[in-house]
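Everything below concerns the one structure shown next.
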Amino acid sequence: DAKTTQPTSMDCAEGRAANLPCNHSTISGNEYVYWYRQIHSQGPQYIIHGLKNNETNEMASLIITEDRKSSTLILPHATLRDTAVYYCIVGGANSKLTFGKGITLSVRP
Amino acid sequence: GAVVSQHPSWVICKSGTSVKIECRSLDFQATTMFWYRQFPKQSLMLMATSNEGSKATYEQGVEKDKFLINHASLTLSTLTVTSAHPEDSSFYICSARVTATTYEQYFGPGTRLTVT
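Order-wise, the sequence lines are chains A and B.
My numbering numbers the first residue of the first sequence as 746 and each following residue consecutively.
My numbering numbers the first residue of the second sequence as 57 and each following residue consecutively.
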């Protein structure tokens with residue numbers, strides 16, 4: 746049973762911001778939102794995680810709604826190397842990660 | 057920092073033979089390592105969780121006698137696919153968590169196993 750729902754795919758132009766949505770309406774109070782991405786034929790890469798507050802690091806920003814039922818991963822200036830499958834995962838601090846189908850982001854020149 | 061390596065990156069073996077895949081955390085000690093399997097055009101499926109010095113915990117449907125996991129040190133876990141068959145051909149990926157209180161997992165580059 747999926748804890749998150751994501752669109753199947755989206756694309757954006759190189760240099761523009763990529764906003765990747767995720768719904769997690771059944772998230773519980775102690776569960777975090779994690780984002781990972783997988784470039785073709787490679788292992789996944791950790792991007793960011795958050796609990797309630799918005800988070801930013803050198804890779805991306807994570808915006809979590811006040812009710813925590815949805816979030817958006819923002820890549821501020823997408824490049825061709827950001828083309829990948831992005832996974833939004835919900836889980837506890839020490840829990841195992843359950844990967845869904847993710848969203849395929851295609852960055853076009 | 058937080059680099060995880062896997063060896064080999066790809067392997068071809070004959071049906072009925074066993075294959076060992078190594079997963080190493082290069083610049084940190086990993087209390088917990090995870091093994092995943094990914095079939096073409098599908099998502100990652102967790103196979104098992106291993107903690108250093110204890111037996112691995114396998115996910116439902118994963119045969120522990122077929123997929124032997126050893127986590128003998130804080131920097132090394134191995135997955136042995138015993139008596140491999142063509143249906144075991146897949147992309148095997150390991151990940152490591154730094155400590156029990158950190159949230160992110162760091163993944164290896166994966167091992168492509170082809171059983172002929």
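All C-beta atoms in this analysis are idealised placements derived from N, C-alpha and C, irrespective of residue type, glycine included.
Can you find a C-beta in chain B that's less than 8 Å from the C-beta of Leu-842(A)?
-> What you label residue 842(A) is simply residue 97 of the first sequence in a count that begins at 1. Interface residue, yes.
Evaluate contact between the segment 814-823 of chain A and the segment 762-772 of chain A, counting only Cβ atoms and requiring at least three cross-stretch pairs below 8 Å.
-> yes
What's the gap between the Cα of Gly-837(A) and the Cα of Leu-169(B)?
-> In the first sequence, residue 837(A) corresponds to position 92, counting from 1. In the second sequence, residue 169(B) corresponds to position 113, counting from 1. Spanning the two alpha carbons is a distance of roughly 32 Å.
Inter-stretch contact at 8 Å, needing at least 3 Cβ pairs: the segment 815-835 of chain A / the segment 74-83 of chain B = no
Anything in chain B within Cβ reach of Gly-845(A), meaning under 8 Å, just list it in chain order.
-> Residue 845(A) sits at position 100 when you count from the first residue of the first sequence. Within chain B, the residues near Gly-845(A) are Ser-99.
Quick one: what does DSSP say Ser-840(A) is sitting in, helix, strand or coil?
-> Residue mapping note: residue 840(A) aligns to position 95 of the first sequence, counting from 1. Correct three-state label for Ser-840(A): coil.
Using the beta-carbon count (16 or more within 10 Å), is Pro-752(A) buried or exposed?
-> The residue given as residue 752(A) occupies position 7 in the first sequence. Pro-752(A) comes out exposed.
Identify every residue that forms a DSSP beta bridge with Ser-133(B).
-> Along the second sequence, read from residue 1 onward, the residue named residue 133(B) stands at position 77. Answer is Cys-79(B).
Residues that Glu-160(B) contacts on chain A, provided the C-beta gap is smaller than 8 Å | Numbered from 1 along the second sequence, position 104 holds the residue referred to as residue 160(B). Within 8 Å Cβ-Cβ: Tyr-779, Tyr-791, His-794.
Minimum C-alpha distance to Thr-828(A) - residue among Gly-774(A), Arg-782(A), Gly-788(A), Ile-792(A) | Reading the first sequence from its first residue, position 83 is the one you call residue 828(A). Nearest option by C-alpha distance: Arg-782(A).
Candidates Asn-107(B), Thr-73(B), Arg-93(B), Tyr-114(B), of which the one nearest Gly-164(B) by Cα | Here residue 164(B) refers to the residue found at position 108 when the second sequence is read from its first residue. Out of Asn-107(B), Thr-73(B), Arg-93(B), Tyr-114(B), Arg-93(B) has the C-alpha closest to the C-alpha of Gly-164(B).
Below 7 Å CB to CB, which residues in the same chain sit around Asn-107(B) once its five sequence neighbours on both sides are set aside?
-> By 1-based counting over the second sequence, the position of residue 107(B) is 51. Excluding positions up to five away in sequence, the list reads Thr-87, Thr-88, His-127.
Taking C-beta to C-beta, are Thr-113(B) and Gln-85(B) nearer than 8 Å?
-> On the second sequence, residue 113(B) is found 57 positions in, with the first residue counted as 1. On the second sequence, residue 85(B) is found 29 positions in, with the first residue counted as 1. No, Cβ-Cβ distance for Thr-113(B) and Gln-85(B) is not below 8 Å.
Leaving out five residues on either side along the sequence, give the residues of the same chain with a beta carbon under 8 Å from the beta carbon of Asp-746(A).
-> As a working note, residue 746(A) is residue 1 in the first sequence. Here Asp-746(A) scores only 49 on pLDDT, less than 50, and its place in the model should not be relied on; the value that follows carries that caveat. Closer than 8 Å at Cβ, skipping near neighbours: no residue.
Report the residue from Gln-787(A), Ala-763(A), Tyr-791(A) whose alpha carbon sits nearest the alpha carbon of His-780(A).
-> One-based indexing of the first sequence puts residue 780(A) at position 35. It is worth fixing the name first, because residue 780(A) is Trp in this sequence and not His. Of the candidates Gln-787(A), Ala-763(A), Tyr-791(A), the one whose C-alpha sits nearest the C-alpha of Trp-780(A) is Tyr-791(A).
Consider the Cβ of Pro-165(B): report whether some Cβ of chain A lies at a distance smaller than 8 Å.
-> For the purposes of this step, residue 165(B) is taken as the residue at position 109 of the second sequence. So, interface residue.
For Phe-95(B), which option in Thr-172(B), Val-59(B), Tyr-148(B) has the closest C-alpha, if you only look at C-alpha atoms?
-> Stepping through the second sequence from its first residue, residue 95(B) is reached at position 39. Comparing Cα positions, the closest option is Tyr-148(B).
Would you kindly work out how many angstroms separate the C-alpha atoms of Ser-840(A) and Val-778(A), rounded to a whole number?
-> Along the first sequence, one-based indexing puts residue 840(A) at 95. Along the first sequence, one-based indexing puts residue 778(A) at 33. In a straight line, the C-alpha of Ser-840(A) is about 12 Å away from that of Val-778(A).
From what residue to what residue does the beta strand (DSSP E) around Ala-763(A) run?
-> In the first sequence, counting from the first residue as 1, residue 763(A) sits at position 18. 763-768 is the span of the beta strand (DSSP E), which, as asked, contains Ala-763(A).
Thr-105(B) CB to nearest chain A CB: under 8 Å?
-> Mapped onto the second sequence, residue 105(B) falls at position 49. Interface residue, yes.
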